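Numbering (this note's numbering), first residue to last: 6 to 471.
1. Hey, how far is the Cα of residue 409 from the Cα of residue 397?
2. Classify residue 184 as buried or exposed, calling it buried when 16 or more other Cβ atoms lie within 10 Å of its own Cβ.
3. Rounded to whole angstroms, what is the Cα-Cα separation between residue 302 and residue 296?
4. How big is the Cα-Cα spacing for residue 22 and residue 30?
5. Using a threshold of 9 Å, state whether the C-beta atoms of residue 365 and residue 319 are closer than that.
6. Buried or exposed: where does residue 190 fall if 16 or more other Cβ atoms within 10 Å of its Cβ makes it buried?
7. Tell me, please, whether the stretch 74-83 touches the stretch 100-113 by the rule of three or more beta-carbon pairs shorter than 8 Å.
8. Grab me the residues of residue 85's own chain with a C-beta within less than 7 Å of its C-beta, minus the 5 sequence neighbours each way, in chain order.
9. DSSP three-state call for residue 102: helix, strand or coil?
10. Out of 171, 64, 335, 330, state which residue places its alpha-carbon closest to the alpha-carbon of residue 9.
11. In or out: residue 192 buried (at least 16 other Cβ within 10 Å) or exposed?
12. Over the uninterrupted beta strand (DSSP E) stretch that includes residue 41, give me the two end residues.
13. Give the C-beta separation of residue 323 and residue 281 to the nearest angstrom, bearing in mind that I take them to be a contact with Cβ-Cβ under 8 Å.
14. Tell me whether the beta-carbon of residue 122 lies closer than 9 Å to the beta-carbon of residue 353.
15. Using three-state DSSP, classify residue 20 as helix, strand or coil.
16. Determine the DSSP secondary structure at residue 62, reduced to helix, strand or coil.
17. Using a Cβ-Cβ cutoff of less than 6 Å, which residues in the same chain neighbour residue 125 once the five nearest sequence positions on both sides are dropped?
18. Measure the C-alpha to C-alpha separation of residue 24 and residue 395 and round it to an integer number of angstroms.
19. Could you have a look at residue 437 and say whether DSSP puts it in helix, strand or coil?
20. Look up residue 303 in the DSSP assignment and say whether it is helix, strand or coil.
21. Leaving out the 5 sequence neighbours to the left and right, which residues in its chain are closer than 7 Å to residue 350 when beta-carbon positions are compared?
22. Classify residue 97 as helix, strand or coil using the three-state DSSP reduction.
23. So, using beta-carbon positions, are residue 498 and residue 347 closer together than 9 Å?
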């Protein structure tokens with residue numbers, strides 16, 4: 006019953022492993038097979054955790070996975086930052102180190118600010134997970150998008166600072182560059198995560214706006230009498246008015262919600278604390294305005310969703326950085342590393358304040374309509390190109406063999422035991438025996454900590470789905 010998580014092994018009937026290893030751009034230490042399910046029957050003992058809890062298992066894995074992924078790229082970004090700065094300090098052009106040039110200084114400052122924010126964001130989110138918070142899916146999604154997007158940019162900028170030498174394998178940076186590119190794709194692509202952050206993060210506000218609309222706006226599916234009766238009743242209801250009047254003042258009179266208060270912040274950080282509360286206030290206001298401007302089109306206008314989501318990501322990063330710097334100031338552990346962090350923190354606030362306000366402006370005035378037209382024209386032209394000249398996903402409605410054949414002769418096939426692939430002749434589907442019952446039993450053991458997933462997610466109503 007319900008959604009279930011299942012343990013499926015390659016030796017089951019109907020599991021077709023048709024390629025034991027794929028040749029990847031990066032993370033080459035892992036074995037990547039290709040397989041298909043052909044009417045696979047899975048025994049009941051292979052249910053992972055318990056029946057009906059499959060969605061919870063999947064979401065829990067995503068929460069943990071997004072944190073560990075972010076931790077990995079945070080470490081890689083820090084190493085790239087230090088290598089890039091060292092190179093810029095010691096590589097001379099025109100009798101000056103590269104680090105003397107302002108565009109290189111901009112890269113150094115951004116690398117320092119981003120890695121500081123990544124570290125703060127990661128500790129904030131994993132702290133929420135460790136203390137058993139029941140729902141941190143938005144926070145883990147934010148952490149994943151921020152670290153994978155900006156962390157890889159740090160590595161890319163370090164390579165740019167090293168020039169052609171950075172592209173050489175002996176410097177090791179190119180491996181980090183290849184290995185970390187995947188992180189904006191896996192554990193939920195960043196584009197999907199932006200829409201999720203917008204939709205799930207704004208769920209409570211959206212529900213509030215829908216309830217006001219249902220109470221006070223004219224419904225063409227109702228008779229005139231029913232409409233008038235409902236609207237007049239709602240207009241005299243203290244509960245509805247308490248919700249509707251502040252919302253109406255924001256949407257139609259331009260009034261902003263009150264800014265939150267930040268108490269007990271270190272006195273030296275009051276300026277940044279005031280900036281953060283002001284940004285939160287404006288972010289809330291613009292979320293409502295975007296909902297008003299776009300109405301039902303907001304569901305499909307993902308460019309607007311991304312602007313709102315990106316601002317939420319930047320604000321959460323600033324809040325995490327403020328918490329981290331507050332802790333550092335109170336610890337009294339000063340020195341060159343602290344001075345670097347303090348300068349990076351101050352730049353981060355000014356930089357992200359600027360980026361957030363750029364997004365506010367783009368929410369009002371943007372080229373989205375011409376973007377959609379250009380995309381449609383490009384798609385129409387692409388339809389005129391013969392499919393057999395291009396690679397097409399095997400799951401396409403056009404069929405598995407619709408596009409260009411994938412060249413696979415050059416790919417060594419591993420056996421999963423660490424043997425040299427050139428000396429292995431392994432049949433597809435061969436695998437170790439897996440004690441499924443032990444794995445399933447382990448998943449049913451109680452845990453002391455939360456997993457960041459709501460216990461009982463309630464089905465969405467039709468209006469919430471819209």
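Backbone N, C-alpha and C fix where the C-beta goes; we use that ideal spot for every residue, glycine too.
As the structure is a computational prediction, the values presented were derived from the model and not from experiment.
Judging by the given coordinates:
1. Straight-line Cα distance between these residues: approximately 7 Å.
2. buried
3. Rounded to the nearest angstrom, the two C-alpha atoms are 9 Å apart.
4. Their backbone Cα atoms lie some 21 Å apart in a straight line.
5. no
6. exposed
7. no
8. 159, 160, 163, 178, 181
9. strand
10. 64
11. buried
12. 39-42
13. 5 Å
14. Between residue 122 and residue 353, the CB-CB gap stays under 9 Å.
15. strand
16. In the structure shown, residue 62 sits in a helix (DSSP, three-state: H, G or I).
17. 325, 326, 329
18. Cα-Cα distance, rounded: 21 Å.
19. Unreliable positioning characterises residue 437 in this predicted model, as indicated by a pLDDT of 48, which lies under 50. A coordinate reading is not provided.
20. helix
21. 121, 326, 330
22. strand
23. This structure does not reach residue 498, given that the chain is present from 6 up to 471, and the question cannot be answered.
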